[in-house]
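Asker: Position 28 (the sequence shown) corresponds to 42 in our numbering; numbering is contiguous.
Here a beta-carbon is modelled for each residue, glycine too, at the ideal position from N, C-alpha and C.
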Amino acid sequence: MKRDILYFAWLRERVGLPRETIDTQATTVAELVSELAAREDRYALAFSDPGALRVALDQELSDFTSPLGDAREIAFFPPMTGG
Numbered sequence: 015m016k017r018d019i020l021y022f023a024w025l026r027e028r029v030g031l032p033r034e035t036i037d038t039q040a041t042t043v044a045e046l047v048s049e050l051a052a053r054e055d056r057y058a059l060a061f062s063d064p065g066a067l068r069v070a071l072d073q074e075l076s077d078f079t080s081p082l083g084d085a086r087e088i089a090f091f092p093p094m095t096g097g
């Protein structure tokens, strides 16, 4: 299934792209992260510490154990802080 992957903040810097469309067979966020990290060193670096990441599926905050389901957009970003 084709999905849009968005990268924010330092993830965008490490991956070198703000977004991309990929074809994946991953069924959970964790599987997608593993798949992305295996692509190239820059992805491995970006996803080397999943505890430092947050994810949203179709603009809804989620977690790494969540199923991807029919989500068309998956966004990865660092934790948000208030201020």
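Thinking C-beta only, is T38 closer than 8 Å to P15?
Answerer: Indexing the sequence shown from 1 puts residue 15 at position 1. Indexing the sequence shown from 1 puts residue 38 at position 24. Note that residue 15 is Met in the sequence shown, not Pro. Yes, they are a contact pair.
Asker: For A40 versus L46, is the C-beta spacing smaller than 8 Å?
Answerer: Working through the sequence shown from its first residue, we reach residue 40 at position 26. Working through the sequence shown from its first residue, we reach residue 46 at position 32. It is a contact, given that the beta carbons lie within the stated cut-off.
Asker: Note down, one range per segment and in chain order, each alpha helix (DSSP H) of at least 4 residues found wholly within the region 39-63.
Answerer: If we require 4 residues or more, the alpha helix (DSSP H) runs fully inside the region 39-63 come out as 43-51, 55-60.
Asker: Identify, in the order they occur along the chain, each residue of the same chain with its Cβ nearer than 7 Å to the Cβ of P64, setting aside the five sequence neighbours on each side.
Answerer: Locating residue 64 in the sequence shown gives position 50, counting from the first residue. Taken in chain order, the residues that qualify are V47, F78.
Asker: Note down the Cα distance separating P92 from Y57, rounded to an integer number of angstroms.
Answerer: Taking the sequence shown and counting its residues from 1, the one referred to as residue 92 is at position 78. Taking the sequence shown and counting its residues from 1, the one referred to as residue 57 is at position 43. Cα to Cα, the separation comes out at about 15 Å.
Asker: R86 by DSSP, collapsed to three states: which one?
Answerer: Counting from one through the sequence shown, the residue named residue 86 turns up at place 72. Correct three-state label for R86: coil.
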